[in-house]
Structure formats: C-alpha cells, structure tokens
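What follows is a single structure, written as structure tokens, with notes after it.
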C-alpha cells in the first residue's frame, strides 16, 4: 500500500564565487597628498576607531602617499550605521598583482553586508596586515 521512497544524499558542492574586490576611491585631481611613511600608517591603524564619535563627515578619507601610492581610508557600513561601521586603511588600487608590486597585501576582510557580513578583497599596506582582518 505504501511505497518506500529512498533518497541518496550527495555531499554539498562548494560554491566557487568570484571575490568581491573593492574598487579604488575617486580622488579629486586637486587632492595633494603628503608623503607618509610606514610608521605614520601604522600609528593611524593602531588608533582606536569609534564610529559613534563625531560626525561621519569628520572622519579622515586620505592619509597620504606611501611608496608613491595614495593611502585612503574606507568606511564600510550596512544596515546599522554608524554603529557597525568598519574602518579599512588601504592603498587606492585594486587588489591583485599590481598591489603586490607596490608592496601591498591583497586581503579578504570581513565587512558589514546587508543584515550580515561578508568578505571583500582590499589592497592594504603590508605593515597594516596584523591589524586588519
């Protein structure tokens, strides 16, 4: 009367997705960025970032030129801004071989996305590697 139905469960196939790569910031042609060294970049990265202090318009957007490449600060937030804003100090270039050539690290960093979080690939100065995950 009742037929026995059998199912074979297959192991899940991992989904291969292209990395979400951050795009360079648009800088004005009038931006004159001062030269900086790794010590200055490291000092900035090590300072505590409180997204609730001050206004978002007061947050710095650029640090200067390190090895001839602009260092910018990206602020990523999603549904609960500014409470869950993440600050990322990065070279103003796309992650990949060019990033490696200038002494950067292409790193996937967890950032707010929608109501959750996801990884986005950034080109960060190598000296900041231990502080940006």
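Residue numbers (the numbering used here): 10 to 142. Beta carbons: idealized from backbone N, C-alpha and C, even for Gly.
For residue 121, the enclosing beta strand (DSSP E) starts and ends at 113-122. Counting only the Cα atoms, residue 117 lies some 21 Å from residue 71. In this structure, DSSP gives residue 125 an extended state, which the three-state scheme calls strand. Cβ neighbours of residue 29 within its own chain (closer than 6 Å, five residues either side excluded): 129. In the structure shown, residue 76 falls within a coil segment according to DSSP collapsed to helix, strand and coil. CA-to-CA, the gap between residue 95 and residue 84 works out to about 6 Å. Closest option to residue 52, judged by alpha-carbon separation, among 79, 98, 127 and 88: 98. For residue 96, the pairing in a beta bridge is given by DSSP as 84.
The three-state secondary structure of residue 130, taken from DSSP, is strand.
With a 10 Å radius around the Cβ and a threshold of 16 neighbouring Cβ atoms, residue 124 comes out exposed. Contact between residue 74 and residue 42 is confirmed by a C-beta separation of about 5 Å, below the 8 Å threshold.
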